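Novice:
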Amino acid sequence: MYEILKLLENDCRLTTEQLAAMLDMSAEQVSAEIEKYTREDILIGYQALINWDKIDIENVTALIEVKVTPQRGEGFDRIAERIYQYDEVESVYLMSGSFDLTVIISGKSLKSVALFVAQKLAIIDGVTGTATHFILKKYKEKHKVFEKQPEQEERMMFV
Amino acid sequence: MIDYSSVLSGAVTSLSPSGIRKFFDILEDMKDAISLGVGEPDFVTPWHIRDAGIYSLEKGFTKYTSNAGMTELRREIARYLARRFALKYEPLKQIIVTVGGSEGIDLCMRALVNPGDEVIIPVPSFVCYGPIVTLCGGTPVYLETKVEDEFRVTPEALKAKITPRTKVLLLPFPSNPTGGIMEKADLEAIADVIRDTNIMVVSDEIYSELTYGRKHCSIASIDGMYERTMVVNGFSKSYAMTGWRLGYVCGPEPVISQMYKIHQYAIMCAPTTSQYAAIEALRDGDKDIEAMRKEYDYRRKYLIDGLRKIGLECFEPRGAFYVFPSIKSTGLSSEEFCERFLIEQKVAVIAGTAFGDCGEGFVRMCYASSLENITEALNRMDKFVNSLKR
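This is the structure in structure tokens:
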């Protein structure tokens, strides 16, 4: 099933009535499913995708590779928790490969992000190294392309 | 001064231009108009398929292919038809790659119809069949399908249209514009009528991948029908490849080998770039078909639900990407409805009469359009239908 989840993931503004029509369900059934998913922390939020580059305010995002020493009994989770508590941190992922955590941070300027890494992130016990990569341009996120392709001209209008 | 009326072919001048072009100019000048009139996928061709076309250009594969289409492509088509519809065709003897499904229909009619032959065409249906038959010197015989039969061809209706001059039965299912389909049992009943005659079936299965809740069945797979059926299909609808102009026709070798000559002289071969893209589509495109079909199905249910809430009767279409609601309750003719709906609410839908006189009382709405568009069209439809009640 999970169709409700997939549809909401693509467009969370779909109303209960719209979902019901699309899925051949009653509005009550849809509401009950959504409630259940919410209760079970499967559906954890609804957000808009925004192209901040089009808005005239300073904003930078960085992807930081973090190497850590896993801790006895806790593995990577405890350090990840200590990192994600900061409001500046957008996302934290545990990775396979040559580093352990990907941390995505956004801030007002390069300097503020750099300072955050130096003063908050790098000094956490168990963090053994960081590498900061600034994001220069976003092309696509969550299947949505940031800049629309031009429409084809002269299409047949009726077929 | 040359008198053009005396130089033009009578068959051509007798054709009337397609009625669905009528609103084109009005629509062009309208801002914020919504069109549910266009019968083509709103998806762009999946990237891996486009990429295969681009790669073939980079490699410089820009020459003609063999007339009937690349051997590799015909092999893939044969595999695809076996995999999806249990149809078996010899790639090099029974398949011609054509410029869209349209060329396939044209080839069938030109190869089969002698002047005076009758071709039975179920209506409402896509606008091209009758004119092609006329251009071949044949006589189109229209068979009306009815909403109470879910726009299927019934054996009784078919028998009533057969005469000693009947040469071809055209079967356009899943149907544009009704969304009706013919299931195995329906086709078996038709096969019972046709099997012991000399009538050929031309089965236009361009929407075969777009069925909802039921799997498409080809009449060629019904007992005794393989030898008398030409199957026309293509890439436009299933892989969102309308602009690539690529289709194919399959059938018994004695017919295909004659059609081959027409194709050879009139067309040479289908576009090479498109053929490379099509190979990729057949090899790795089943998942794309499934994704698009699923998306269409959401919109289909949504649109039907919306129309019924507005109070329009709407039979549940099981194929293609059209709904064909009845607008009889509004008291308007199909043409009036479409014209006023466009002018007053700026939504383009197509009058059922564009697909045959028996389409009166219906309009065709295409749901190969974004959910936002469909939602807005439904809001405007609600306003429009309510304004008529006062």
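Protein chains in written order, with this note's numbering: chain A, 2 to 160; chain B, 13 to 402.
Where is the CB? At the ideal position from N, CA and C, for every residue including glycine.
Computed from a prediction, not measured in an experiment: that's the story for all the values here.
#1: Quick one: what does DSSP say L319 of chain B is sitting in, helix, strand or coil?
#2: Check whether the segment 163–182 of chain B touches the segment 47–65 of chain B, taking contact to mean three or more Cβ pairs, one atom from each stretch, closer than 8 Å.
#3: What in chain B is Cβ-close to Q30 of chain A, meaning under 9 Å?
#4: Take Y47 of chain A and list the residues in its own chain whose beta-carbon comes closer than 6 Å to its own, dropping the five residues that flank it on each side.
#5: Are the beta-carbon atoms of T223 of chain B and R96 of chain B separated by less than 8 Å?
#6: If you check the beta carbons only, do A22 of chain A and G318 of chain B fall under 8 Å apart?
#7: At a CB distance below 9 Å, what residues from the segment 49–62 of chain A approach chain B? Give them in sequence order.
#8: If I measure Cβ to Cβ from Q270 of chain B and keep anything under 6 Å in the same chain, skipping five residues before and after, which residues do I get?
#9: For H228 of chain B, name the three-state secondary structure that DSSP assigns.
#10: For the alpha helix (DSSP H) containing V1 of chain A, name the first residue and the last one.
#11: Can you find a C-beta in chain A that's less than 8 Å from the C-beta of G318 of chain B?
#12: Buried or exposed for I84 of chain A, please, with buried defined as at least 16 other CB atoms from any protein chain shown within 10 angstroms of its CB.
#13: Beta-carbon of Y314 of chain B versus every beta-carbon of chain A: anything under 8 Å?
#14: Do we get a CB-CB distance below 8 Å when we pair Y260 of chain B with the residues of chain A?
#15: Assuming contact is defined by CB atoms lying nearer than 8 Å, are A290 of chain B and L85 of chain B in contact in what I supplied?
#16: By DSSP's criteria, D216 of chain B is part of a beta bridge. Which residues make up the other side?
#17: Strictly by DSSP, which residues pair up with H134 of chain A?
#18: Whole angstroms is fine: what's the gap from M114 of chain A's alpha carbon to S27 of chain A's?
#19: Going by CA-CA distance only, name the one from B:L315, B:P127, B:L93 that's closest to E217 of chain B.
#20: Does E292 of chain B pass the burial test, meaning 16 or more other C-beta atoms within 10 Å, or should it be called exposed?
#21: Quick check on the DSSP output: what are the complete alpha helix (DSSP H) runs of length 4 or more inside the segment 99–153 of chain A, in order along the chain?
#22: Using the three-state DSSP reduction, which class does E372 of chain B fall into: helix, strand or coil?
#23: Within this structure, are the beta carbons of S248 of chain B and I301 of chain B separated by less than 8 Å?
#24: If you drop the 5 nearest sequence neighbours on each side, which residues of the same chain put their C-beta closer than 7 Å to that of G236 of chain B?
#25: So, helix, strand or coil for S187 of chain B, using DSSP?
#26: At the 8 Å Cβ level, is Y310 of chain B part of the contact set with chain A, yes or no?
#27: Do E59 of chain A and K109 of chain A have their CB atoms nearer than 8 Å?
#28: Just mark W53 of chain A as buried or exposed, buried being the case when its beta carbon has 16 or more other beta carbons within 10 Å.
#29: What are the boundary residues of the beta strand (DSSP E) that G259 of chain B is part of?
#30: Tell me the rounded alpha-carbon separation between A201 of chain B and R240 of chain B.
#31: Take P71 of chain A and list the residues in its own chain whose beta-carbon comes closer than 7 Å to its own, dropping the five residues that flank it on each side.
#32: Say whether the segment 133–153 of chain B touches the segment 110–122 of chain B, bearing in mind that this needs 3 or more beta-carbon pairs closer than 8 Å, one atom from each stretch.
Specialist: On the basis of the data shown:
#1: helix
#2: no
#3: None at all; the shortest Cβ gap to chain B is about 14 Å.
#4: C13
#5: no
#6: yes
#7: none
#8: A123
#9: coil
#10: Since the displayed chain A opens at 2 and closes at 160, residue 1 of chain A lies outside it and no answer follows.
#11: yes
#12: buried
#13: yes
#14: no
#15: yes
#16: B:V244
#17: A:L64
#18: Residue 114 of chain A is actually Val in this sequence, not Met. Taking the straight line joining both Cα atoms gives about 48 Å.
#19: B:L93
#20: buried
#21: 111–117
#22: coil
#23: no
#24: A203, R207
#25: coil
#26: yes
#27: yes
#28: exposed
#29: 259–262
#30: 15 Å
#31: F77
#32: yes
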